[in-house]
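Novice:
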Ligand SMILES: NC(=O)C1=CN([C@@H]2O[C@H](COP(=O)(O)OP(=O)(O)OC[C@H]3O[C@@H](n4cnc5c(N)ncnc54)[C@H](O)[C@@H]3O)[C@@H](O)[C@H]2O)C=CC1
Ligand SMILES: [Mg+2]
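Numbering (our numbering), first residue to last: 66 to 396.
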């Protein structure tokens with residue numbers, strides 16, 4: 066049994082959450098003293114402060130007061146999913162109130178439900194990962210209410226770490242799809258691509274879903290060959306990020322090099338792909354997102370903003386190029 070308030074270190078937090086995930090009674094108890102991030106049909110509740118959004122954590126007592134206005138009681142809390150815990154080990158949950166009327170809820174809570182893909186640009190870093198995780202988990206539960214084998218309903222455990230089929234006991238765990246995102250470099254220049262579905266003028270590193278049975282390295286080699294007709298020569302892991310759009314993905318970012326740089330663009334996948342010099346990439350990193358059209362009717366090239374791992378992957382390439390240049394000058 067874990068008492069509240071005793072844990073402060075990362076390991077203690079992790080063990081606390083581990084118990085909550087699997088122990089329904091303990092998690093039910095944590096619900097009554099937890100804090101809640103609210104959603105409405107997968108749009109998070111946010112409050113504007115200046116030009117940024119902040120997701121308010123609603124206490125259990127405040128939430129129960131709000132729910133009571135709609136004739137709901139504490140049994141509604143069990144529709145929540147566990148997200149994590151605060152430094153003082155208050156369990157944090159996400160709850161979708163999509164069945165209640167949106168505008169009256171917004172008035173009641175003095176905040177708004179905003180589409181995450183739009184709100185994310187203005188949301189602070191810690192809130193972005195929390196809301197991404199919450200939305201992905203809520204969406205997974207919404208989409209997995211029936212067993213794919215028996216067609217019978219599945220039941221969520223209290224924390225939401227799994228669903229179990231009521232007829233055959235099959236256990237379903239929240240899923241995400243691995244995606245590689247690769248910044249290809251030929252030494253002096255890097256390759257950025259644009260897809261039909263991207264906002265106008267946005268260029269980024271090559272991305273692609275892993276296929277069943279592939280290693281990460283195989284996916285990178287296949288995607289680069291498929292999309293731009295190049296053979297990867299070397300590959301280095303950079304970092305990863307959970308990405309909630311359009312479903313839940315684990316973005317695995319890599320730096321790759323190629324020897325040959327003649328592009329053969331797959332037009333079914335990409336609208337355009339180009340080699341960019343260090344100066345051009347530095348310029349693109351400085352362009353605001355969704356820039357207005359220039360005098361000639363085109364838009365300046367821009368890259369994904371700071372909430373996307375692509376941004377940091379591109380920044381790292383710039384840093385490496387700058388260091389190389391400095392080393393050359395110092396020789
Ligand atoms: N966080 C970041 O920095 C960035 C994230 N991305 C994300 O990467 C993802 C993949 O990029 P794409 O070039 O679109 O991938 P892609 O090159 O693999 O093409 C997408 C196609 O792959 C197929 N596919 C295979 N497995 C799939 C699955 N599990 N889910 C959906 N489609 C699947 C579908 O036919 C789909 O049309 C996108 O969802 C995009 O949002 C893309 C660039 C930057
Ligand atoms: Mg792709």
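Heads up, the beta-carbon is just placed ideally off N, CA and C, and yes, glycines get one too.
#1: Using the C-alpha atoms, what's the distance from residue 376 back to residue 332?
#2: Can you give me the C-alpha to C-alpha distance between residue 177 and residue 194, rounded to a whole angstrom?
#3: Where does residue 272 sit, in a helix, a strand or coil, going by DSSP?
#4: Taking the alpha helix (DSSP H) that residue 200 falls in, what are its first and last residues?
#5: Starting from the Cα of residue 290, find the closest Cα among 309, 327, 277 and give me that residue.
#6: Output the distance between the C-alpha atoms of residue 330 and residue 371, rounded to the nearest integer angstrom.
#7: Looking at C-beta atoms only, is the number of pairs between the region 285–302 and the region 209–223 that lie closer than 8 Å three or more?
#8: Secondary structure at residue 139, three-state DSSP: helix, strand or coil?
#9: What span of residues does the beta strand (DSSP E) with residue 62 cover, start to end?
#10: Taking Cβ positions, are residue 274 and residue 336 nearer each other than 9 Å?
#11: Kindly identify the DSSP beta-bridge partner or partners of residue 105.
#12: Decide if residue 161 is buried, meaning its Cβ has at least 16 other Cβ atoms within 10 Å, or exposed.
#13: I'd like to confirm something about residue 334: is its beta-carbon nearer than 8 Å to some heavy atom of ligand 1, or not?
#14: Go through the residues and name those whose CB comes closer than 5 Å to any heavy atom of ligand 2, in chain order.
#15: Leaving aside the five residues before and after residue 203 along the sequence, list all residues of the same chain whose C-beta is less than 7 Å from its C-beta, in chain order.
#16: Count the C-beta pairs between the region 76–92 and the region 121–137 that are closer than 8 Å, then say yes if the count reaches three, no if not.
#17: Which residue's Cα is closest to the Cα of residue 117: 294, 87, 185?
#18: Kindly indicate the opening and closing residues of the beta strand (DSSP E) around residue 340.
#19: On a CA-only basis, which of 86, 300, 136, 113 is nearest residue 166? Give me that one, please.
#20: For a test of the three-state rule: what should DSSP assign to residue 397, helix, strand or coil?
#21: Anyone know if the C-beta pair for residue 248 and residue 349 falls short of 9 Å?
#22: May I have the straight-line CA-CA distance separating residue 138 from residue 339, to the nearest angstrom?
#23: Compute every distance between the C-beta of residue 140 and the non-hydrogen atoms of ligand 1, then say whether any falls below 8 Å.
#24: Pull up the distance between the alpha-carbon of residue 316 and that of residue 280, whole angstroms please.
#25: Cutting at 7 Å between CB atoms, please list the residues of its own chain near residue 266, excluding the five before and the five after it.
#26: Taking only three categories from DSSP, how would you classify residue 407?
#27: Drop a sphere of 10 angstroms on the beta-carbon of residue 157, count the other beta-carbons inside from all chains shown, and report buried for 16 or more, exposed for fewer.
#28: Using DSSP's beta-bridge definition, name the partner residues of residue 92.
#29: With a CB to CB cut of under 6 Å and the five nearest residues on each side skipped, what residues in its chain are close to residue 233?
#30: Give me the Cα-Cα distance between residue 352 and residue 342, rounded to the nearest whole angstrom.
#31: Considering residue 79, what are the terminal residues of the alpha helix (DSSP H) in which it resides?
#32: How many Å lie between residue 306 and residue 246 at the Cα?
Specialist: On the basis of the supplied data:
#1: Here residue 332 is taken as the residue at index 267 of the chain shown, counted from 1. Here residue 376 is taken as the residue at index 311 of the chain shown, counted from 1. Rounded to the nearest angstrom, the two C-alpha atoms are 24 Å apart.
#2: Mapped onto the chain shown, residue 177 falls at position 112. Mapped onto the chain shown, residue 194 falls at position 129. Roughly 19 Å between the two C-alpha positions.
#3: Numbered from 1 along the chain shown, position 207 holds the residue referred to as residue 272. Looking at residue 272 - three-state DSSP - the assignment turns out to be strand.
#4: Reading the chain shown from its first residue, position 135 is the one you call residue 200. Its alpha helix (DSSP H) spans residues 190–208.
#5: Residue mapping note: residue 290 aligns to position 225 of the chain shown, counting from 1. When only C-alpha atoms are compared, the closest one is 327.
#6: The residue labelled residue 330 in the question sits at position 265 within the chain shown. The residue labelled residue 371 in the question sits at position 306 within the chain shown. Between residue 330 and residue 371, the C-alpha separation is close to 27 Å.
#7: no
#8: Working through the chain shown from its first residue, we reach residue 139 at position 74. Here residue 139 sits in helix by DSSP.
#9: Because the chain is modelled from 66 through 396, residue 62 falls outside the range shown and cannot be assessed.
#10: The residue labelled residue 274 in the question sits at position 209 within the chain shown. The residue labelled residue 336 in the question sits at position 271 within the chain shown. No, the Cβ-Cβ distance between residue 274 and residue 336 is not below 9 Å.
#11: Stepping through the chain shown from its first residue, residue 105 is reached at position 40. According to DSSP, residue 105 bridges with 108.
#12: Indexing the chain shown from 1 puts residue 161 at position 96. Result: buried.
#13: Looking up residue 334 in the chain shown gives position 269. Residue 334 Cβ: within cutoff of ligand 1.
#14: 272, 273
#15: If you number the chain shown from 1, residue 203 lands on position 138. 104, 107, 146, 159, 161, listed in sequence order.
#16: no
#17: Indexing the chain shown from 1 puts residue 117 at position 52. Checking every option, the nearest Cα to that of residue 117 belongs to 185.
#18: Start at 1 with the first residue of the chain shown, and residue 340 comes out as number 275. Residue 340 -> beta strand (DSSP E) spans 337–341.
#19: Reading the chain shown from its first residue, position 101 is the one you call residue 166. For the residues 86, 300, 136, 113, the minimum Cα distance to residue 166 belongs to 136.
#20: Summary: the structure shown does not reach residue 397, with the chain confined to residues 66 through 396, and so no result is reported for it.
#21: The residue labelled residue 248 in the question sits at position 183 within the chain shown. The residue labelled residue 349 in the question sits at position 284 within the chain shown. Cβ atoms of residue 248 and residue 349: not closer than 9 Å.
#22: Taking the first residue of the chain shown as 1, we reach residue 138 at position 73. Taking the first residue of the chain shown as 1, we reach residue 339 at position 274. Rounded to whole angstroms, residue 138 to residue 339 spans 57 Å at the Cα level.
#23: Reading the chain shown from its first residue, position 75 is the one you call residue 140. Not so, every heavy atom of ligand 1 lies at least 8 Å from the Cβ.
#24: Locating residue 316 in the chain shown gives position 251, where the first residue counts as 1. Locating residue 280 in the chain shown gives position 215, where the first residue counts as 1. About 14 Å.
#25: Here residue 266 refers to the residue found at position 201 when the chain shown is read from its first residue. Correct list, in chain order: 356, 364, 365, 366, 367.
#26: As displayed, the chain neither begins before 66 nor continues past 396, which places residue 407 out of reach and without an answer.
#27: Here residue 157 refers to the residue found at position 92 when the chain shown is read from its first residue. Buried, because 16 or more other Cβ atoms sit within 10 Å of the Cβ of residue 157.
#28: Position 27 of the chain shown, counted from the first residue, corresponds to residue 92. None; residue 92 has no bridge partner.
#29: For the purposes of this step, residue 233 is taken as the residue at position 168 of the chain shown. So the list reads 215, once near-sequence residues are dropped.
#30: The residue given as residue 352 occupies position 287 in the chain shown. The residue given as residue 342 occupies position 277 in the chain shown. The alpha-carbon atoms of residue 352 and residue 342 are separated by roughly 16 Å.
#31: What you label residue 79 is simply residue 14 of the chain shown in a count that begins at 1. Looking at the DSSP string, the run of the alpha helix (DSSP H) that includes residue 79 is 75–87.
#32: Taking the chain shown and counting its residues from 1, one reaches residue 306 at position 241. Taking the chain shown and counting its residues from 1, one reaches residue 246 at position 181. Their backbone Cα atoms lie some 10 Å apart in a straight line.
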